[in-house]
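In full-length UniProt numbering, the protein residues as written are 1 to 730.
Glycine residues also receive a C-beta, built at the ideal position from the N, C-alpha and C atoms.
Given the structure is predicted, the values throughout are model-derived calculations rather than measurements.
First up is the structure itself, then whatever we jot down about it.
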């Protein structure tokens, strides 16, 4: 039994114009996914949240505790697509990498092992992915070159390899034309080709492959009679497709009415579904024994098994023809699981209906609901950045909020008055990332544009001038950006093609363009490609490449470039002796890297013991912090460092000025090794300002500690805190 996946939808500009084979016009990828008893959702800011059954770690929060309200999946950002297997989860990031967590007994996490994971791990050797789907115990992915790759269980030939041999790393499916999207059922796989036709392989006991047989296939075969397909979905034992004219076709098992044909007969060939009215369908989703569709008017329709209210029509009666889901409009993404359903609306809200015996509905309750209910959110903060004395945060609805010092307009609220309470920025929506420098701020929008505000004396706003702004404005000359970072007076942008662009102050070469000339518009960092992450220190920059190596450029007075010298560099140099790096951090004159296996490495200035080696000596090449173990995330400032382990515990070292390490026992002293932050658990992200720290918890709440003279802790009053206090933004 099991699971199902969301499918890609399609925008139909003119059904009448859909003549002849053409490349499908795909809508946004799935923002929600439903497994056997757990649910996933991508918020507008690119974070992933999960609820429901968690015995295999399928919620990705580092535990195996089930959750009736959403928790944040640890360590994932910039996610565009999620998919849910029976007891595991998969996410596709904007950089084209795929990540998995949960059950791994069949190798379905694609990391070369069969070890269960409670936090995400990257699928081995797979990049440039544009579509991904999880079946019962297998996964299928499409790369930008149109090739298809699979891994996991292969008992029914669902990997399309011509065998029934399982594999724990991706292997290519051969014999396919160019593919643009995929779907996966319990044991079968569907592929939408660029010419609008479908291919299928795997389990076929009910005719779910659509080839007029019930014979399993270990190699792709054509689904008979369908052209101009724009969307697809695979349930346990049935399949769905939408054509460019907005019509829906179904085939496979129909014992509960999941095909929507008005009867309960199974079909081994696609058959059309009769839908009321003439509004075209744009996307479909298939569950264990029920189906969903979204029409162009934003309404959701359902059919099939309804014993647990999964059709949302306020009954528990099976339906063999489509019925309207009660009270929903503006739907943009849907998912159908085993006895429950999800819908994400255009306003950013998430709704669920059906069973919640394991909390999978995510509305904070158990039991059955036969009509949609809103998914509960405890806190809604998803990302945070800290400048010298101000902070910027992203909420899950894509809005940006700021507080603290505002002397340069760095809060972006149209004036220069300090704020001790978080204030929403005007003009910004659908944002996915934030960054903060000394006196300027930046935000990334989901369309790949960058927006900046605040101080601009060196061109750090990237608007072609040196005139500051108290309101956000778009950076000119750079697009398709997937990540931003802000140094003291410069800004970095990582594009989807793996190149890095920079602007602002360049006196130490921190723009990486081979000069020391400051720039008012973006310039490309020379000689860098295949970059997956960037961070910025006060006057130096770091980039992580897809091969796990690190490049650095800019100021090097303390050895923060890690090349064995103290010579500043205006072009990227290789950080010595580092490989297998998974994440980076940068302080004032120090740098940090987490490597695979959970080791932490540091280099650069050590005046305030920020390298945690027990000495005050700088390191010109990376040094392993033997006092640290485990993977995590890290933030560093000029005087202190704070890091969160994967278990959510928070640790700090360096100078504990006014409580910036969150431990009153070491107030205003130097701390030589990581010490626990008092009273805070569940940390998923950290940000370090010059003399304060902010920590984001897995429940979406934000906490701060340290110096608070300008209200930078966001607590509503400028009183210092030696232990974490909750921000008013949640």
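Spatial distance of residue i from residue j (CA atoms)
i           : j           : result
residue 700 : residue 670 : 31 Å
residue 79  : residue 281 : 26 Å
residue 444 : residue 434 : 6 Å
residue 220 : residue 47  : 34 Å
residue 677 : residue 75  : 20 Å
residue 273 : residue 119 : 41 Å
residue 374 : residue 455 : 41 Å
residue 165 : residue 106 : 10 Å
residue 218 : residue 99  : 25 Å
residue 581 : residue 531 : 12 Å
residue 510 : residue 438 : 15 Å
residue 423 : residue 320 : 50 Å
residue 277 : residue 230 : 20 Å
residue 116 : residue 101 : 7 Å
residue 632 : residue 322 : 47 Å
residue 500 : residue 407 : 30 Å
residue 112 : residue 506 : 43 Å
residue 427 : residue 572 : 35 Å
residue 723 : residue 667 : 10 Å
residue 770 : residue 546 : The structure shown has nothing for residue 770, since the chain only spans 1 to 730.
residue 223 : residue 204 : 12 Å
residue 479 : residue 494 : 10 Å
residue 535 : residue 352 : 38 Å
residue 267 : residue 431 : 45 Å
residue 639 : residue 655 : 6 Å
residue 27  : residue 296 : Below a pLDDT of 50, predicted positions are generally treated as unreliable, and residue 27, at 45, falls in that range; the measurement from the model is reported next regardless. In a straight line, the C-alpha of residue 27 is about 11 Å away from that of residue 296.
residue 473 : residue 235 : 45 Å
For residue i, the nearest candidate out of the options (CA to CA)
i           : options            : result
residue 471 : 523, 268, 412, 568 : 412
residue 420 : 430, 290, 447, 390 : 390
residue 318 : 403, 567, 254      : 254
residue 45  : 181, 31, 467       : 31
residue 135 : 604, 117, 157, 594 : 157
residue 340 : 309, 658, 333, 364 : 309
residue 568 : 94, 553, 42, 248   : 553
residue 292 : 562, 241, 316      : 241
residue 630 : 264, 327, 34, 648  : 648
residue 89  : 97, 64, 42, 35     : 35
residue 675 : 186, 114, 93, 627  : 627
residue 354 : 162, 346, 608, 372 : 372
residue 342 : 606, 83, 614, 168  : 83
residue 502 : 523, 187, 487      : 523
residue 453 : 81, 486, 496, 125  : 486
residue 685 : 717, 651, 482      : 651
Sequence-distant residues of its chain with Cβ nearer than 8 Å to residue i (five each side left out)
i           : result
residue 71  : 49, 50, 51, 59, 61, 698, 699
residue 21  : In this predicted model, residue 21 has a pLDDT of only 38, less than 50, meaning its place in the structure is not dependable enough to derive any value.
residue 725 : 703, 704, 705, 713, 715
Cβ-based neighbour list, residue i, same chain, cut-off 6 Å, excluding 5 preceding and 5 following
i           : result
residue 634 : 585, 592, 643
residue 144 : 128, 130
residue 140 : 133, 150, 182, 184, 189
residue 583 : 594
residue 350 : 41, 344, 375
residue 73  : 48, 50, 60
residue 146 : 178, 179
residue 710 : 389, 404, 405, 418
Residue range of the beta strand (DSSP E) that includes residue i
i           : result
residue 320 : 319 to 324
residue 106 : From DSSP, residue 106 is part of no beta strand (DSSP E); its letter is neither H nor E.
residue 431 : 431 to 436
residue 83  : 79 to 84
residue 342 : 340 to 345
residue 267 : 267 to 272
Short CB-CB distance (under 8 Å) between residue i and chain D
i           : result
residue 177 : The structure shown contains no chain D; it is built from a single protein chain.
DSSP beta-bridge partners of residue i
i           : result
residue 624 : 601
residue 619 : 604
residue 249 : 241, 272
residue 586 : 591
residue 655 : 670
residue 490 : 504
Same chain, Cβ closer than 7 Å to residue i, neighbours up to 5 away in sequence not counted
i           : result
residue 359 : 51, 52, 66, 67, 68, 366
residue 707 : 657, 658, 660, 691, 692, 720
residue 329 : 298, 299
residue 263 : 320
residue 464 : 476, 520, 521
residue 488 : 437, 438, 538, 539
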